[in-house]
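**Q** One structure is given below, represented as structure tokens, and several questions about it will come after.
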Amino acid sequence: MSEPKPPDTPKPPPSRERMQQARRRWLRTVLLTGGVMGAALSGFLPLVYARTKRLRPPGALDEKDFLASCIKCGQCVQVCPVQAIKLADLVDGVAVGVPYIDAREQACDFSCDAVQCILACPTGALVYKKPAFLGVRKGAKLAAAPILKAKEKDPEPTLNLGERIGVARLTRPEACLAIQGKGFKGQVRGPSFKGRMRYMEVNRWKPIGISEHPYDLAECDLCVRECPVKGAISIETVFAPDGSKRKSPVVHEPCVGCGVCEMICPVEPTCIVVDAREVWNT
Amino acid sequence: MNPFLKRRFFDQIAVMFGREAKKPAAISERAQEIHVLKRATNKEALQAATLAHENAKKVHKWRNRRWAVLIAANLMFTFSFWFDIQILEGALTASRFVGFHLIDLNAALQVMLAHKHIIVNLVIGTGTVFVLWLVLGGRSFCSWVCPYHLVAEWAEKIHLYLVKKKLVTDQNMDRRLRTLSWIVFAVLALATGYTVFEAISPTGILSRALIYGPGLALLWVLALLVFEVFFSRRAWCRYACPIGLTYGVVGIFSPVRIKYKLESCFHEGDCRKVCLVPHVLDTVIKGRAVDTEVPIGPDCTRCGLCVDTCPTGSLTFDVKGLSKLL
Numbered sequence: 004m005s006e007p008k009p010p011d012t013p014k015p016p017p018s019r020e021r022m023q024q025a026r027r028r029w030l031r032t033v034l035l036t037g038g039v040m041g042a043a044l045s046g047f048l049p050l051v052y053a054r055t056k057r058l059r060p061p062g063a064l065d066e067k068d069f070l071a072s073c074i075k076c077g078q079c080v081q082v083c084p085v086q087a088i089k090l091a092d093l094v095d096g097v098a099v100g101v102p103y104i105d106a107r108e109q110a111c112d113f114s115c116d117a118v119q120c121i122l123a124c125p126t127g128a129l130v131y132k133k134p135a136f137l138g139v140r141k142g143a144k145l146a147a148a149p150i151l152k153a154k155e156k157d158p159e160p161t162l163n164l165g166e167r168i169g170v171a172r173l174t175r176p177e178a179c180l181a182i183q184g185k186g187f188k189g190q191v192r193g194p195s196f197k198g199r200m201r202y203m204e205v206n207r208w209k210p211i212g213i214s215e216h217p218y219d220l221a222e223c224d225l226c227v228r229e230c231p232v233k234g235a236i237s238i239e240t241v242f243a244p245d246g247s248k249r250k251s252p253v254v255h256e257p258c259v260g261c262g263v264c265e266m267i268c269p270v271e272p273t274c275i276v277v278d279a280r281e282v283w284n285t
Numbered sequence: 102m103n104p105f106l107k108r109r110f111f112d113q114i115a116v117m118f119g120r121e122a123k124k125p126a127a128i129s130e131r132a133q134e135i136h137v138l139k140r141a142t143n144k145e146a147l148q149a150a151t152l153a154h155e156n157a158k159k160v161h162k163w164r165n166r167r168w169a170v171l172i173a174a175n176l177m178f179t180f181s182f183w184f185d186i187q188i189l190e191g192a193l194t195a196s197r198f199v200g201f202h203l204i205d206l207n208a209a210l211q212v213m214l215a216h217k218h219i220i221v222n223l224v225i226g227t228g229t230v231f232v233l234w235l236v237l238g239g240r241s242f243c244s245w246v247c248p249y250h251l252v253a254e255w256a257e258k259i260h261l262y263l264v265k266k267k268l269v270t271d272q273n274m275d276r277r278l279r280t281l282s283w284i285v286f287a288v289l290a291l292a293t294g295y296t297v298f299e300a301i302s303p304t305g306i307l308s309r310a311l312i313y314g315p316g317l318a319l320l321w322v323l324a325l326l327v328f329e330v331f332f333s334r335r336a337w338c339r340y341a342c343p344i345g346l347t348y349g350v351v352g353i354f355s356p357v358r359i360k361y362k363l364e365s366c367f368h369e370g371d372c373r374k375v376c377l378v379p380h381v382l383d384t385v386i387k388g389r390a391v392d393t394e395v396p397i398g399p400d401c402t403r404c405g406l407c408v409d410t411c412p413t414g415s416l417t418f419d420v421k422g423l424s425k426l427l
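Chains C and X are the protein sequences, given in the same order.
Add 3 to the 1-based position in the first sequence for this note's numbering, that's all there is to it.
Add 101 to the 1-based position in the second sequence for this note's numbering, that's all there is to it.
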């Protein structure tokens, strides 16, 4: 190595102006740091809003783990044949770019047959089977793999889904057409409704608009009729508080919380909703 | 690598993390000779050359190529979804190229730190992208793919116009801020189990907006651009974005870089004026080059603006070892 030594000259003290410039730059840097950090904290705001529970795609981990592991790429959005999955915006009460399902607008009807969104997820935010170190909440685990009505005649009729994403609940029994013994005729949710569903008798592989599929029912049983999961909901004879007998939709343990009943309910507002992340309580 | 370049190699890593570029402690003999010779150059000849360059037609070869690649890459995401052609599914944070996983290094890091659990697909995707940018030049991700880089480039043009009109001034800041922001976001992800950077990353927000449609989150991107136009040139990329630092670290080992040739350089400094990261071009300052040929450091985004603007061809794209092979 033939490095010439730099001459040893004492450094002149920095000029007043130089020092002032340096001080100002330091202040600006502190300001920008504050700005970026402030903005970053606003990134946590969705967590405050997280109390307004959103339905996650099937196979989602428990909320905290889900938010930690989701990489916000939207691959689950891309594979969904009915486009049930949306990505959250700033005001959607969940982290920006995180997927959710607005069941009333477009529920997951499992018309992909295989829960494609789980397959698409690159980070394990949606999983067929949870890794061992993550606990399973009591009542979240499904007693048995759900049987898809559409696949009932297939050699493998079940969905690869271990936990429910929510549970359906009759919220407005007083308005329920089935309870009132009323029928339903026409387009569910009106002609302009954009929601889609797969009707096996129409085309197994191509979901169609619900508005293209009018009904004529003597007694409304839409939530039971269109529920994609076997044994999740049925019309039962129940006793009203005054002792009289009447019919009513009753949700059972196999309910996975897909939200088709919420989407298909013809009453405004809906009589049945999915409580996101709710567990089965006997 | 000779000792002068080796020292510069490590100096430039420190510079990437925010240290100021300093005068070199040692310069090779041959380079010293050239520096001395250059001092004797006729000033009038130099001025004439500078003037000729100012009047010459501006070249945009690399810029145009880069914009084409950047737009094509982002549109490939968009069209894959819109027309369901499934070439490049997902967004910039994570995607599949004809079925093969690709995962953004910084986003993957955030998820790993927050979730503390790594699945195989995540490893495959991250590994692929790591190798990809290791080969292609690290921060070349920034200038050749990141959609925020492109809009920030346009905002920069407005900013520079306003500066010329003396309506605004560029408020520069301490570059160590970016390292700090990298650490803060990593610690936040680890401690809170929430990938907070992903919520404010303009790269992710823009990429998703291009694919899944615009949202209110774009307001944050707009705010950043306004800040850059009126207050501080390219502030997000220069002083804040941890993605740039992540890819910069990958770029340390990359063979693709810009190479500087001392002999032909006029030291007009035009390259430093167009550069997003002028601290990597400190070597073009008169008397600073440690050798006759100096590779530009890892913080360089390989955008090629300096290559376009250099009138003497002293800055060129270079693949380490390739010229020896050929």
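Even glycine gets a Cβ: it sits at the ideal position worked out from N, Cα and C.
Using a C-beta cutoff of 8 Å, does X:ASP223 count as contacting chain C?
**A** The question names Asp, yet the displayed sequence has Leu at residue 223 of chain X. Chain C, which has a Cβ nearer than 8 Å to the Cβ of X:LEU223, makes this yes.
**Q** Less than 8 Å between the C-beta atoms of C:MET200 and C:VAL276, yes or no?
**A** no
**Q** At a Cβ threshold of 8 Å, is C:CYS268 touching chain X?
**A** For C:CYS268, the answer is no, since every Cβ of chain X falls outside 8 Å of its Cβ.
**Q** For X:ASP185, count the other beta carbons within 10 Å of its own beta carbon; 16 or more makes it buried, fewer makes it exposed. Which is it?
**A** exposed
**Q** Got a sec, what are the start and stop residues for the beta strand (DSSP E) X:ILE202 sits in?
**A** Here residue 202 of chain X turns out to be His, not Ile, going by the sequence shown. Where X:HIS202 is concerned, the enclosing beta strand (DSSP E) stretches over 201-204.
**Q** So X:GLY345 packs on X:ALA192, CB below 8 Å; how close in whole Å?
**A** About 18 Å; that fails the 8 Å criterion.
**Q** Let me see if you follow: with CB-CB separation under 8 Å, is X:HIS216 close to chain C or not?
**A** yes
**Q** Enumerate in chain order the residues of its own chain whose CB-to-CB distance from X:ARG82 is below 8 Å, with the five nearest sequence positions on each side excluded.
**A** In the structure as shown, chain X begins at 102 and stops at 427. Residue 82 of chain X is therefore absent and cannot be evaluated.
**Q** Cutting at 6 Å between CB atoms, please list the residues of its own chain near C:ARG228, excluding the five before and the five after it.
**A** none
**Q** Does X:HIS136 come within less than 8 Å of chain C when only Cβ atoms are used?
**A** Not closer than 8 Å to any Cβ of chain C, the Cβ of X:HIS136 fails to qualify, so no.
**Q** Would a check of beta-carbon distances place X:GLY119 closer than 8 Å to chain C?
**A** For X:GLY119, the answer is no, since every Cβ of chain C falls outside 8 Å of its Cβ.
**Q** Would you call X:TYR361 buried or exposed, if buried means 16 or more other Cβ atoms sit within 10 Å of its Cβ?
**A** Result: buried.
**Q** Under three-state DSSP, which class holds X:GLY349?
**A** helix
**Q** Assign X:TYR361 to one of three DSSP states: helix, strand, or coil.
**A** Strand, per DSSP.
**Q** Determine which residues of the segment 74-92 of chain C have a Cβ less than 7 Å from any Cβ of chain X, and write them out in chain order.
**A** ILE74, LYS75, CYS76, GLY77, GLN78, VAL80, GLN81, LEU90, ASP92
**Q** For the segment 293-311 of chain X, which residues have a beta carbon sitting closer than 8 Å to at least one beta carbon of chain C?
**A** THR293, GLY294, TYR295, THR296, VAL297, PHE298, GLU299, ALA300, ILE301, GLY305, ILE306, ARG309
**Q** How big is the Cα-Cα spacing for C:ARG172 and C:ASP278?
**A** The alpha-carbon atoms of C:ARG172 and C:ASP278 are separated by roughly 7 Å.
**Q** In the DSSP assignment, find the beta strand (DSSP E) that holds X:ASP419 and state where it starts and stops.
**A** 416-420
**Q** Are the CB atoms of X:LEU382 and X:CYS407 within a distance shorter than 8 Å?
**A** yes
**Q** Just reading off the alpha helix (DSSP H) that X:GLY226 is part of, what are its end residues?
**A** 221-237
**Q** Go through its chain and collect everything with a Cβ distance to X:HIS380's Cβ below 6 Å, but skip five positions before and after it.
**A** So the qualifying residues of the chain are VAL116, ALA122.
**Q** Can you say whether C:SER5 is buried or exposed, counting buried as having 16 or more other CB atoms within 10 angstroms of its CB?
**A** Because C:SER5 carries a pLDDT of 47, less than 50, the predicted location of this residue cannot be relied on, and no value is offered for it.
**Q** Is the CB-CB distance between C:GLY169 and X:ILE220 below 8 Å?
**A** No.
**Q** Answer with yes or no whether the minimum CB distance from C:LYS67 to chain X is below 8 Å.
**A** Closer than 8 Å to some Cβ of chain X, the Cβ of C:LYS67 qualifies, so yes.
**Q** Report the rounded CA-to-CA distance for X:GLU145 versus X:PRO315, giving the unit in angstroms.
**A** Straight through space, the alpha carbons of X:PRO315 and X:GLU145 are spaced by roughly 55 Å.
**Q** Which residues bound the alpha helix (DSSP H) around X:ASP112?
**A** 104-117
**Q** What did DSSP end up calling C:VAL276 once you bin it into helix, strand or coil?
**A** Three-state DSSP puts C:VAL276 in a strand.
**Q** Buried or exposed: which applies to X:LEU210, given that a residue is buried once 16 or more other Cβ atoms fall within 10 Å of its Cβ?
**A** buried
**Q** Within 10 Å of its beta-carbon, does X:PHE354 have 16 or more other beta-carbons around it, so buried, or fewer, so exposed?
**A** exposed
**Q** Please list, in chain order, the residues of the segment 339-373 of chain X that have any C-beta partner in chain C closer than 7 Å.
**A** TYR340, ALA341
**Q** Just to confirm my understanding: we take X:ALA126, look at its own chain, exclude 5 residues before and 5 after, and list those with CB closer than 8 Å. What are they?
**A** ARG108
**Q** Would C:TYR103 be called buried (16 or more neighbouring beta carbons within 10 Å of its own) or exposed?
**A** buried
**Q** What are the uninterrupted segments assigned as alpha helix (DSSP H) that are 4 or more residues long and contained completely in the segment 140-191 of chain C, given in chain order?
**A** 180-183
**Q** C:LYS248 and C:GLY184: beta carbons closer than 8 Å?
**A** no
**Q** Hey, out of X:ALA310, X:ASN103, X:TYR340, whose CA is closest to X:PHE178's CA?
**A** X:ALA310
**Q** Indicate the three-state DSSP secondary structure (helix, strand or coil) for C:MET203 in the structure shown.
**A** coil
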